[in-house]
Amino acid sequence: MNKQIIISIIVIIIGVGSLVWWSKSVDNKKLNAEESQKYHLARQGNALSAEETFYDFGTISMKNGNVSKIFKVINNSSEDIKVPSVTTSCMCTTAYIMGEDGKRSRPFGMPGHGGAVPKANALVKAGESLDIEVVYDPNAHGPAGVGLIERSVFMEDENSNVIEFKFKVNATP
C-alpha cells in the first residue's frame, strides 16, 4: 500500500472515532438534562416522594430463600395521585402494593416476562402514604445467580413521574 492510502485510512478512523465520541457526549448531556428535569418535576407539587429509595440486603444465602423490603411512598400534595404502573427490572424481583389491612396486591414484575404486567391502579390520597413491598428471589437465576446483584422497582404516577427503588444483595449458595 502506498503512504497516501494508509494516511487516508488513519484519518477516516480518527474521524469516525471522533464522531462516535462527540455523539456520546451530546447524548450524555441530553440525558443529564432530562434526568435533571425529571428530578425537578418530581419535587414539584402533586408528585410522590419516598423516605428511602435504596436498600442493601448485605450478604444473603440462596438456601434461605426470598428477602423483602418495604418502601414507603408519600403524597405530600393536596390532591390524590393515581399510580397506574409498578414494574421491576428483572424476573427475580417482584413488587406488591400493600393494602391498609396489610394484605398484598397481585404481584408486579418485569415487563415482557411471562406476559403483560397488570396495571397497578393504585391511589395515594392527599397527605397519605402507600407501602411497596419489594421481594427478591435469589434462586430465580439458578446456581449462576451468585455474587453482587443490583435490581430496581419502578413506580410511575399518572403524571409520568417515576420513583425508582433500588436494592443490592451479595448472594451466596
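In terms of my numbering, the sequence shown opens at residue 14 and continues consecutively. Glycine included, C-beta positions come from ideal geometry on N, C-alpha and C.
State the CB to CB distance for the pair residue i and residue j, rounded to an integer number of angstroms; the pair is presumed to be in contact (CB under 8 Å).
i, j, result
"Gly-122", "Thr-101", "5 Å"
"Pro-151", "Gly-160", "With a Cβ gap of about 11 Å, Pro-151 and Gly-160 do not count as contacting."
"Val-137", "Val-86", "6 Å"
Closer than 7 Å by C-beta to residue i: which residues in its own chain qualify, once you throw out the five before and the five after it? Chain order, please.
i, result
"Ala-139", "Asn-88, Ser-90, Ser-91, Glu-92, Asp-93"
"Ile-110", "Val-99, Ser-118, Ala-133, Ala-135, Leu-143, Ile-145"
"Tyr-68", "Lys-82, Phe-180"
"Ile-19", "none"
"Pro-120", "Thr-107, Tyr-109"
Alpha carbons only, please: which of the options is nearest the one belonging to residue i?
i, options, result
"Met-168", "Ile-18, Thr-107, Ser-74, Asp-150", "Thr-107"
"Val-96", "Ser-173, Gln-17, Ile-18", "Ser-173"
"Asn-183", "Val-24, Leu-61, Met-75", "Met-75"
"Met-104", "Ile-18, Ile-19, Val-148", "Val-148"
"Ile-73", "Val-175, Ile-162, Thr-66", "Ile-162"
"Glu-141", "Glu-64, Ile-27, Asn-15", "Glu-64"
For the beta strand (DSSP E) containing residue i, name the first residue and the last one.
i, result
"Val-166", "160 to 169"
"Val-147", "142 to 149"
"Gly-71", "67 to 74"
"Val-130", "Note, Val-130: premise wrong, no beta strand (DSSP E); not H, not E."
"Phe-178", "175 to 185"
"Ala-108", "106 to 111"
"Ala-63", "61 to 63"
"Asn-79", "Element bounds for Asn-79: n/a, residue is neither H nor E."
"Lys-95", "94 to 96"
Do you know offhand how far residue i's Cα is from residue j's?
i, j, result
"Ala-153", "Ser-62", "30 Å"
"Glu-171", "Glu-177", "15 Å"
"Thr-185", "Asn-79", "13 Å"
"Ser-21", "Val-29", "12 Å"
"Ile-23", "Gln-17", "10 Å"
"Ala-60", "Glu-113", "21 Å"
"Ile-26", "Gly-155", "43 Å"
"Lys-116", "Phe-84", "15 Å"
"Val-175", "Arg-164", "15 Å"
"His-126", "Asn-15", "55 Å"
Can you list, in chain order, the residues of its chain with a C-beta nearer than 6 Å to that of residue i? Leave out the 5 residues immediately preceding and following it.
i, result
"Pro-124", "Thr-100, Val-130"
"Thr-66", "Phe-178"
"Asn-77", "none"
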